[in-house]
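*Asks:*
In UniProt numbering, the protein residues as written are 1 to 225.
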């Protein structure tokens, strides 16, 4: 017959055996980069947005010191807040009633007015962001992971003379080049855009009004014409 001590010893062994699994479960709950999959939304896939591009290039290697020299704007973004990249698909504002310019002041367009408790603020910084090469006629591809649908998409392009490497983006720097109607829920929404008379480094600013809520996404994509 087992003694009380034997029962206690067996219980202690079972507890110790279960401890690694318990710790692993706790780690999953508190690790910040596990959250995007649970709250997936979207971004511009082409031309790729600033934070989505930084996640694509460095998400699996974000502690590589070479980033500071090879991709300095992504480096400063990772230094500011890693969640800007882990949550690359969550750069939106809610409750604007469609009057988003009242909520997003000049110099804060790429962070949607310092949304997300400021995690995206580094997106506003001008500098040598990596660019996508495009022509005067191009297509914007918005990735919608959550199948929200779209009430509309608007695509702006910076005016010729804007300096993306020294000037934070203002509303006055932009020219509206495309406005769409609604899109049924899908994984990608395509917008054909024409922006002639431009050369060099510019910013494509895409606004996506999701259909499921008063939720608007704002994406800065760096391009070279």
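Glycine is no exception: its CB is placed at the ideal position from the N, C-alpha and C atoms.
(1) Pairing CB atoms from the stretch 114-128 with CB atoms from the stretch 136-149, are three or more of them under 8 Å?
(2) Closer than 8 Å is the cut-off here; do at least three beta carbon pairs connect the stretch 104-111 with the stretch 203-218?
(3) Please state whether DSSP places residue 51 in a helix, a strand or coil.
(4) Determine the DSSP secondary structure at residue 19, reduced to helix, strand or coil.
(5) Alpha carbon to alpha carbon, how far is residue 45 from residue 186? Give it in angstroms, no decimals.
(6) Taking C-alpha atoms, which residue in 150, 161 and 71 lies nearest to residue 181?
(7) Between the Cα of residue 130 and the Cα atoms of 193, 93, 73 and 116, which residue gives the shortest distance?
(8) Per DSSP, what kind of secondary structure is residue 211 in: helix, strand or coil?
(9) Go ahead and label residue 190 buried or exposed: buried means 16 or more other beta carbons lie within 10 angstroms of its beta carbon, across all protein chains shown.
(10) DSSP on residue 70, reduced to helix/strand/coil?
(11) What would DSSP say about residue 205, mapped onto helix, strand or coil?
(12) I need the straight-line Cα distance from residue 82 to residue 90, nearest angstrom please.
(13) On the criterion of 16 or more Cβ atoms from any shown chain inside 10 Å, does residue 163 qualify as buried, or is it exposed?
(14) Would you mind giving the Cβ-Cβ distance between residue 167 and residue 126, rounded to the nearest angstrom? I have them listed as a contact below 8 Å.
(15) Spatial neighbours of residue 101 within its chain, please: C-beta separation below 7 Å, excluding the five flanking residues on both sides.
(16) Can you check which of these residues, 97, 67, 55 and 64, is closest to residue 211 by C-alpha distance?
(17) With a CB to CB cut of under 6 Å and the five nearest residues on each side skipped, what residues in its chain are close to residue 78?
(18) Count the other CB atoms, across all protein chains shown, that sit within 10 Å of the CB of residue 194; report buried if there are 16 or more and exposed otherwise.
(19) Put residue 219 into one of helix, strand or coil per three-state DSSP.
(20) In this structure, does DSSP put residue 91 in helix, strand or coil?
(21) What is the rounded straight-line gap between the Cα of residue 227 and the Cα of residue 197?
(22) Taking 8 Å as the threshold (beta carbon to beta carbon), is residue 76 in contact with chain C?
(23) Buried or exposed for residue 188, please, with buried defined as at least 16 other CB atoms from any protein chain shown within 10 angstroms of its CB.
*Replies:* On the basis of the supplied data:
(1) Output reads no: the stretch 136-149 does not touch the stretch 114-128.
(2) Touching, per the Cβ criterion.
(3) When secondary structure is reduced to three states using DSSP, residue 51 falls in the helix class.
(4) Model confidence at residue 19 stands at a pLDDT of 43, short of 50, so the residue's coordinates are unreliable; what they give is reported in the following sentence. Reduced to three states, the DSSP call for residue 19 is helix.
(5) C-alpha of residue 186 to C-alpha of residue 45: approximately 14 Å in a straight line.
(6) Per the Cα distances, 150.
(7) Answer by Cα proximity: 73.
(8) Coil at residue 211, not helix or strand.
(9) Exposed, by the Cβ-count rule.
(10) In the three-state DSSP reduction, residue 70 falls in the helix class (H, G or I).
(11) Residue state, collapsed to three classes: strand.
(12) When rounded, the distance between both Cα atoms is 13 Å.
(13) Residue burial annotation: residue 163 is exposed, with fewer than 16 other C-beta atoms found within 10 angstroms of its C-beta.
(14) Right, the Cβ-Cβ distance comes to about 5 Å (below 8 Å), so this counts as a contact.
(15) Same-chain partners within the cutoff: 171.
(16) Ranking 97, 67, 55 and 64 by Cα distance to residue 211 puts 97 first.
(17) Contacts found: 62.
(18) The residue in question, residue 194, is exposed, as its Cβ has fewer than 16 Cβ neighbours within 10 Å.
(19) Three-state DSSP puts residue 219 in a strand.
(20) Residue state, collapsed to three classes: coil.
(21) The first residue shown for the chain is 1 and the last is 225, placing residue 227 beyond what the model contains.
(22) Chain labels in this structure do not include chain C; a single protein chain is all it has.
(23) With fewer than 16 other Cβ atoms within 10 Å, it is exposed.
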